[in-house]
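K.L.:
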Amino acid sequence: MRLLDRYLIQKFLFVLFFASMAFIVIFIVVDLIEHLDKFLDSKAPFSRTVVYYLYYIPSIITLTLPVNMLLSSLFALGTMAQHNELVACMSAGVSLYRLVWPLLLVALLISLLSGIANETVVPQANRTRLDIYEHEIRDRPREQFGTRREISLQDRGERQLSIDFYNIRTQKANKVNIVWRDGNRIRERWDVKTMAWDSTRQAWRMSGITQRKFDPDEEISRLDTLWYEDSQILPGDLVDLDQQPEEMNYFELKRFVERMSIMGSNARKWIVDLDMKITYPIARLIIVLFGAPLASRKRRSGRARGLAMRIL
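Counting in the working numbering, the sequence shown runs from 8 upward without gaps.
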């Protein structure tokens with residue numbers, strides 16, 4: 008049985024390797040065609056483009072792994088069924104469940120390793136890849152020394168905060184509007200010239216404030232400085248808004264979803280990505296359970312047609 012187990016595992020891993028290589032080539036070619044104009048216009052050396060795609064490989068592997076594992080199980084057991092090897096094994100008293108058992112162990116091991124990679128290697132690789140693309144190939148300023156424009160966030164209650172310009176390095180915002188709403192009606196509005204983060208007091212210090220109250224008539228007052236201490240918005244929240252789910256591991260994405268939910272933003276798409284970080288590794292194991300019974304039946308049609316029927 009050990010010889011049979013090794014034989015089946017070798018066939019499974021052989022197909023898995025070449026299927027992964029094929030998908031890597033396909034993904035890179037498609038991405039290269041899509042971004043070819045950016046690479047040609049870039050001042051970055053060709054070696055940075057190569058490094059960009061090297062960091063793309065972990066994401067491709069984890070993304071295509073369920074399909075690759077399905078194809079591997081179909082090929083490994085399908086070729087054995089096509090050559091009557093399964094019939095010989097069953098005639099010797101080996102059940103299909105016992106035959107598939109080593110594949111399930113390998114699938115479980117791959118699922119665990121891919122789950123660990125999703126939390127460690129893949130997010131870091133994606134961060135580096137996107138950093139190379141944005142700041143070396145597209146020649147944009149890096150975020151820690153850059154700026155953000157036209158930010159809109161929900162603060163506590165029905166308070167809405169809009170920032171026209173934010174300097175990430177100095178943690179200073181210009182042209183800030185804070186609006187209190189009662190349903191569709193604006194109850195109060197603050198127009199703030201500048202708003203800077205005070206790390207000692209852990210609060211925003213506003214300068215040049217014009218306060219307008221509209222209940223019932225408009226009442227205007229002006230202040231030179233004011234502390235905005237009851238805000239739940241932190242400087243990091245103004246930087247991480249454009250961060251992609253693939254750049255974060257499960258716990259980082261969970262904290263991000265919680266922050267977005269507290270601030271009133273629609274976090275539905277991030278919740279879906281958060282759930283997928285758990286379900287995707289499990290799906291790789293389940294898909295082998297589906298593929299094994301489908302591949303074990305011998306079909307009279309050709310090998311290619313039989314494989315296509317099993318996939319369908």
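Idealized CB from N, CA, C, for every residue including glycine.
Quantities reported herein were computed from a predicted structural model and do not represent experimental measurements.
What is the residue span of the beta strand (DSSP E) that residue 101 lies within?
P.N.:
Numbered from 1 along the sequence shown, position 94 holds the residue referred to as residue 101. First-last for residue 101: undefined, no H or E at that position.
K.L.:
Pick out whichever of 67, 37, 214, 56 has its Cα sitting closest to the Cα of residue 24.
P.N.:
For the purposes of this step, residue 24 is taken as the residue at position 17 of the sequence shown. Checking every option, the nearest Cα to that of residue 24 belongs to 67.
K.L.:
Express the C-alpha separation of residue 229 and residue 220 in angstroms, rounding to a whole number.
P.N.:
Translated into positions along the sequence shown, residue 220 becomes position 213. Translated into positions along the sequence shown, residue 229 becomes position 222. The straight-line gap from Cα to Cα measures roughly 12 Å.
K.L.:
Roughly how many whole angstroms lie between the Cα atoms of residue 179 and residue 234?
P.N.:
Here residue 179 corresponds to residue number 172 of the sequence shown, with the count starting at 1. Here residue 234 corresponds to residue number 227 of the sequence shown, with the count starting at 1. Taking the straight line from one Cα to the other gives about 14 Å.
K.L.:
Which whole-angstrom value is the C-beta distance of residue 76 and residue 294, which I expect to be below 8 Å?
P.N.:
Position 69 of the sequence shown, counted from the start, is the residue given in the question as residue 76. Position 287 of the sequence shown, counted from the start, is the residue given in the question as residue 294. Confirmed, Cβ separation roughly 6 Å.
K.L.:
How far does the beta strand (DSSP E) with residue 179 in it reach, from first residue to last?
P.N.:
The residue you call residue 179 lines up with position 172 of the sequence shown. Residue 179 -> beta strand (DSSP E) spans 179-189.
K.L.:
So what's residue 266 in DSSP terms, helix, strand or just coil?
P.N.:
Stepping through the sequence shown from its first residue, residue 266 is reached at position 259. Residue 266 falls in the helix class under three-state DSSP.
K.L.:
To the nearest angstrom, how far is it from the Cα of residue 46 to the Cα of residue 52?
P.N.:
Within the sequence shown, numbered from 1, the residue matching residue 46 stands at position 39. Within the sequence shown, numbered from 1, the residue matching residue 52 stands at position 45. If you take the alpha carbons of residue 46 and residue 52, they lie about 9 Å apart.
K.L.:
For the 8 Å Cβ check, are there 3 or more pairs between the segment 99-110 and the segment 22-41?
P.N.:
Touching, no.
K.L.:
What is the C-beta distance between residue 154 and residue 175, in whole angstroms, given that I count them as a contact (C-beta under 8 Å)?
P.N.:
Looking up residue 154 in the sequence shown gives position 147. Looking up residue 175 in the sequence shown gives position 168. At roughly 7 Å, the Cβ-Cβ gap stays under 8 Å, so residue 154 and residue 175 are in contact.
K.L.:
Specify, as a first and last residue, the run of the alpha helix (DSSP H) that residue 238 falls within.
P.N.:
Your numbering for residue 238 matches position 231 in the sequence shown. Taken as a continuous stretch (DSSP letters only), residue 238 belongs to no alpha helix (DSSP H), as it is neither H nor E.
K.L.:
For residue 1, which residues from the same chain have a beta carbon less than 6 Å from its beta carbon, with the 5 sequence-adjacent residues on both sides left out?
P.N.:
Because the chain in this structure spans residues 8 to 319, residue 1 falls outside the shown range and cannot be described.
K.L.:
Near residue 72, which residues of its chain fall below 8 Å by C-beta distance, leaving aside the five closest residues on each side in sequence?
P.N.:
Position 65 of the sequence shown holds residue 72. 27, 117, 121, 291.
K.L.:
According to the neighbour-count rule (16 or more other Cβ atoms, all chains shown, within 10 Å of its Cβ), is residue 65 buried or exposed?
P.N.:
Locating residue 65 in the sequence shown gives position 58, counting from the first residue. Looking at its Cβ environment, which holds 16 or more other Cβ atoms inside 10 Å, residue 65 is buried.
K.L.:
Excluding the five sequence neighbours on either side, which residues of its own chain have a C-beta within less than 8 Å of the C-beta of residue 152, listed in chain order?
P.N.:
By one-based count along the sequence shown, residue 152 stands at place 145. Unreliable positioning characterises residue 152 in this predicted model, as indicated by a pLDDT of 49, which lies under 50. The coordinate reading is nonetheless provided below. Counting only Cβ-Cβ distances below 8 Å, and skipping sequence neighbours, we find 175, 176.
K.L.:
Report, in whole angstroms, the separation of the C-beta atoms of residue 80 and residue 19, which I expect to be a contact under 8 Å.
P.N.:
Translated into the one-based positions of the sequence shown, residue 80 becomes position 73. Translated into the one-based positions of the sequence shown, residue 19 becomes position 12. Correct: roughly 7 Å between the Cβ atoms.
K.L.:
From 193, 211, 15, 257, pick the residue whose C-alpha is nearest to that of residue 84; which is it?
P.N.:
Taking the first residue of the sequence shown as 1, we reach residue 84 at position 77. Ranking 193, 211, 15, 257 by Cα distance to residue 84 puts 15 first.
K.L.:
Of all the options 136, 237, 106, which has the alpha carbon lying nearest to the alpha carbon of residue 213?
P.N.:
Counting from 1 along the sequence shown, the entry for residue 213 is found at position 206. Measuring from the Cα of residue 213, the nearest candidate turns out to be 237.
K.L.:
Sorted by chain position, which residues of the same chain lie with C-beta nearer than 6 Å to residue 169's C-beta, five sequence neighbours on each side aside?
P.N.:
For the purposes of this step, residue 169 is taken as the residue at position 162 of the sequence shown. Counting only Cβ-Cβ distances below 6 Å, and skipping sequence neighbours, we find 159, 184.
K.L.:
With respect to the beta strand (DSSP E) encompassing residue 154, which residues constitute its N-terminal and C-terminal limits?
P.N.:
Counting from 1 along the sequence shown, the entry for residue 154 is found at position 147. 154-161 is the span of the beta strand (DSSP E), which, as asked, contains residue 154.
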